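Numbering (the numbering used here), first residue to last: 3 to 99.
Okay, so here's the structure we're looking at.
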């Protein structure tokens, strides 16, 4: 997965650290280093294209969806791989405000 904005942001931060003397980068370009860091970060963070507002919307949708037994019936476990209780836990990981 590529995230050009995140790569650029990491490259800028690495450049600032190097200018401040906190970091020495031995590659001729910071971008490959930034891209490797971003690749590792994207394995554990949500897609950065999702805005904070979108994540709040998802958080609001999850409890509503799991509380409606007509919507979240036994098939949802098969479709999503998660139970209603597991979705509650997922929603708790999303931003609150």
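C-beta: ideal position from N, C-alpha, C; glycine also.
All values reported here derive from a predicted model rather than from experimental measurement.
| Query | Result |
| --- | --- |
| Pairwise C-alpha distance: residue 12 and residue 36 | 5 Å |
| Beta-carbon proximity of residue 5 to residue 40, cut-off 8 Å | yes |
| The alpha helix (DSSP H) enclosing residue 37, as first and last residue numbers | 33 to 44 |
| Beta-carbon contacts of residue 64 that lie in its chain and below 7 Å, excluding the five residues immediately before and after | 89, 92, 93 |
| Continuous alpha helix (DSSP H) stretch holding residue 95: start and end | 86 to 95 |
| Nearest residue (CA-CA) to residue 70, options 28, 57, 59, 86 | 86 |
| Alpha carbon of residue 78 to alpha carbon of residue 84, nearest angstrom | 8 Å |
| Buried versus exposed call for residue 55 [16 or more other C-beta atoms within 10 Å across all chains shown] | exposed |
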